[in-house]
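Note that the working numbering has the sequence shown beginning at 30, numbered continuously upward.
Note sheet for the following structure.
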Amino acid sequence: MEFAMTATPATETPGTTAEKTDRTGSTGSYEPTDLTVPSRSRHRARYDRETVHSILDAAYICHLGFVRDGAPVVLPTLFARVGESLYMHGSTGSRPLLAAGSTDPGLPVCVTVTHVDALVLARSAFHHSLNYRSVVVHGTAHQVTDEAECRIALDAMVDAVVPGRSADVRPANARELAATAVIRVDLAEVSAKIRSGPVNDDAEDLDLPHWAGVVPVAPAYGTPVPDAALAPGTAVPDYLSAL
Numbered sequence: 030m031e032f033a034m035t036a037t038p039a040t041e042t043p044g045t046t047a048e049k050t051d052r053t054g055s056t057g058s059y060e061p062t063d064l065t066v067p068s069r070s071r072h073r074a075r076y077d078r079e080t081v082h083s084i085l086d087a088a089y090i091c092h093l094g095f096v097r098d099g100a101p102v103v104l105p106t107l108f109a110r111v112g113e114s115l116y117m118h119g120s121t122g123s124r125p126l127l128a129a130g131s132t133d134p135g136l137p138v139c140v141t142v143t144h145v146d147a148l149v150l151a152r153s154a155f156h157h158s159l160n161y162r163s164v165v166v167h168g169t170a171h172q173v174t175d176e177a178e179c180r181i182a183l184d185a186m187v188d189a190v191v192p193g194r195s196a197d198v199r200p201a202n203a204r205e206l207a208a209t210a211v212i213r214v215d216l217a218e219v220s221a222k223i224r225s226g227p228v229n230d231d232a233e234d235l236d237l238p239h240w241a242g243v244v245p246v247a248p249a250y251g252t253p254v255p256d257a258a259l260a261p262g263t264a265v266p267d268y269l270s271a272l
């Protein structure tokens, strides 16, 4: 089967704060490492920053993997990229955030992001697949303690879900900031993996009477439903209508 969608990571000098932007813009590539070279379908791996960043920036949910008490744990969570760093947040009492702040030099993690672009339906069960774009990041999570960096990271996470939203809400107050922890994973060992294109059936199967082809998959947003306590006449913001 071709459903293996593991992306692979790569290496570059990591950033350290949210204020730092990508020092090379969207140019350059992450250097492949032992962790970032896939064991199969190596031709699908990508290491250039433009591809990696575009996949990360089109998502706001990632899966954060780490080891707790000798057992693997994977958690879905919101994230945002700022320059050469990924930021995630949660309660100050959450296990990965506590570990990132208490472990020296930090918490080893693996972060994955995947987009499904199409179902690839072949004539044979074996060649069914997905068209996808994915990124895997290996690194060390550090707890962010600088208030300015926390605010930049939190705004970025709000805007990752709805671009422009952070400027249209009340920012977190001191109490809320105290209850929120932010972790940073610098983009060091990073790569993307992409599958695109048509069905890949064997030649001897092409005359089989089964439908084959590609079914596009895309996210969809419904009509915004206003809160019951919303002041009468409050219009839907342009940035929300744009979704």
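For every residue, glycine included, the Cβ atom is placed at its ideal position computed from N, Cα and C.
Just so you know, the alpha carbons of A189 and L237 end up roughly 45 Å apart. Annotation: the continuous alpha helix (DSSP H) that includes L85 extends over 78 to 86. Under the DSSP assignment, R224 falls in the beta strand (DSSP E) whose first and last residues are 218 to 224.
The stretch 59 to 74 makes contact with the stretch 214 to 224: 3 or more CB pairs, one atom from each, lie closer than 8 Å. V243 carries a strand assignment under DSSP once its states are collapsed to helix, strand and coil. If you look at Y268, you'll find it in the alpha helix (DSSP H) that goes 267 to 270.
Measuring C-alpha to C-alpha distances from V191 to each of D267, G226, G262, P200 identifies D267 as the nearest. Exclusion of the five residues before and after H156 leaves N229, D230 as the residues of its chain whose Cβ lies within less than 6 Å of its Cβ. Within the stretch 175 to 232, the complete beta strand (DSSP E) segments of 3 residues or longer fall at 209 to 215, 218 to 224, listed in chain order. Around the beta carbon of V103, fewer than 16 other beta carbons lie within 10 angstroms, which makes this residue exposed. Annotation: D256 is outside any beta strand (DSSP E) and is labelled neither H nor E by DSSP.
In the three-state DSSP reduction, H72 falls in the helix class (H, G or I). Nearest to A208 by alpha-carbon distance, out of V246, S120, G168, is S120. C-alpha of Y89 to C-alpha of I212: approximately 15 Å in a straight line. Per DSSP, the continuous beta strand (DSSP E) segment holding S114 begins and ends at 114 to 120. The stretch 129 to 143 makes no contact with the stretch 190 to 205, as fewer than three CB pairs between them are under 8 Å.
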